[in-house]
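Just so you know, we're using my numbering here: the sequence shown kicks off at 2 and counts up by one.
Here a beta-carbon is modelled for each residue, glycine too, at the ideal position from N, C-alpha and C.
None of the values given here were measured: they were computed from a predicted structure.
What follows is a set of notes on a single structure, which appears directly below.
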Amino acid sequence: MSDIVFHITAIAYLVATFVYIGYLFARKDRLLDAAQYVLMFGFAAHTITIVTRWVAAGRTPATSLHESLTFFSWIVIALYMYLLFKYRQRVLGAFVSPFALLLILSASLLPQEIIPLAPVLESYWLPVHVILAFMGNAFFALAFFLGIMYIIQERYLKKRKLKGLYFILPSLDVLDELNYKCLQYGFPLLTIAIITGAVWSEYAIGSYWDWKPRQIWSLITWFLYAALLHGRLTAGWRGKKAAIFSGVAFMILLASFVIINMISGGAHGLSQ
């Protein structure tokens, strides 16, 4: 049953992605409406997949690479839905949907068996740490997409060619504001995730910090986003500079995730 729902999720995200692409070219509102409904259907199926896996595993389904990619994809869509209903920026889905699809397709290529968690790692700190870390990273992902949209829109204005995506993308001020809000949401979540991860480490192995690759790269990520927020607050980093910096920071986050999971075999996942 869970495999069927997983495949339904992947198909729904695939269809939504193609319909969103159609909207970007045709700029027909009915296509945007259709894409939004298909994405919501896929998210509902995705939620069933997450809940089913959670019940079957008896723990937060984010400790293998397959689970991490699936869970991260779900969190990204969930937070996009939050931004959608709060800020009404539906076109953001055209950038979120392909990313969610890529994560789901990557997860489908990986071993899907449920791997028992080592007894030493079993703790109520696991869901707290993992969920906070994924939520923080998901907000950083949304900031990345908003940065891409900003750069596209800024390029149209710079060249004074008001055509194509210019008419469906939000204004530069709106994109910059939403990028900043996502960073404001993501950074505290990442900070608390690092703290709860240290507490979990002390509970599990008797040490708050032992300089493992996951801890080192999560700290590097923290410093990057701290520098970005500091720059925005004190040095006036806005617009294109902030968009590029948030993009670089997120790409480093993703690269560290992939490399670390290739080395470690995926245990613990994106939560680092």
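(1) Would TYR14 and SER98 qualify as a contact pair, given that the criterion is a beta-carbon distance under 8 Å?
(2) What number of angstroms, rounded off, separates the C-alpha of SER124 from the C-alpha of PHE96?
(3) Please report the distance separating the alpha-carbon of GLY232 from that of LEU184.
(4) Can you tell which of LEU158, PRO214, PHE246 has its C-alpha closest to the C-alpha of ASN180?
(5) Buried or exposed: which applies to GLU288, given that a residue is buried once 16 or more other Cβ atoms fall within 10 Å of its Cβ?
(6) Starting from the C-beta of ALA17, find all residues in its chain whose C-beta is less than 7 Å away, skip the five residues before and the five after it, and write them out in chain order.
(7) How big is the Cα-Cα spacing for ARG54 and PHE135?
(8) Excluding sequence positions up to five away, which residues of its chain have a Cβ less than 8 Å from the Cβ of ILE221?
(9) Between the alpha carbons of TRP126 and LEU191, how many angstroms are there, rounded?
(10) Would you be able to state if there are at least three C-beta pairs under 8 Å between the stretch 143 to 150 and the stretch 102 to 119?
(11) Determine, using beta carbons only, whether VAL249 comes closer than 8 Å to chain B.
(12) So which of HIS130, PRO171, SER3, LYS182 has the shortest CA-CA distance to MET150?
(13) Would you kindly work out how many angstroms separate the C-alpha atoms of SER208 and ALA194, rounded to a whole number?
(14) On the CB-based measure, 16 or more other CB atoms within 10 Å of its CB, does THR186 come out buried or exposed?
(15) Kindly indicate which residue of LEU104, LYS242, ASN138 has the alpha-carbon position closest to the one of HIS8.
(16) CB-CB under 6 Å to ARG60, same chain, minus the five flanking residues each way: which ones, in chain order?
According to the data block:
(1) Judged by beta-carbon spacing, SER98 lies within the 8 Å limit of TYR14, meaning their Cβ atoms are closer than that value.
(2) Spanning the two alpha carbons is a distance of roughly 36 Å.
(3) C-alpha separation (whole angstroms): 12 Å.
(4) The shortest CA-to-CA distance from ASN180 to any of LEU158, PRO214, PHE246 is the one to PHE246.
(5) An answer regarding residue 288 cannot be provided, because it is not within the stretch 2 to 273 covered by the chain.
(6) These residues qualify, in order along the chain: ALA36, VAL39, LEU40, GLY43, SER98.
(7) Cα to Cα, ARG54 sits roughly 17 Å from PHE135.
(8) Setting aside the 5 residues that flank it on each side, ILE221 is surrounded in the same chain by ILE253, SER257, each with a C-beta closer than 8 Å to its C-beta; the list follows chain order.
(9) Straight-line Cα distance between these residues: approximately 15 Å.
(10) Fewer than three pairs of CB atoms, one per stretch, sit closer than 8 Å, so the stretch 102 to 119 makes no contact with the stretch 143 to 150.
(11) The displayed structure is made up of one protein chain only, and chain B is not part of it.
(12) Out of HIS130, PRO171, SER3, LYS182, PRO171 has the C-alpha closest to the C-alpha of MET150.
(13) Cα to Cα, the separation comes out at about 16 Å.
(14) For the record, residue 186 in the displayed sequence is Tyr; it is not Thr. TYR186 comes out buried.
(15) Considering only alpha carbons, the answer is LEU104.
(16) Result list for ARG60: LEU118, in chain order.
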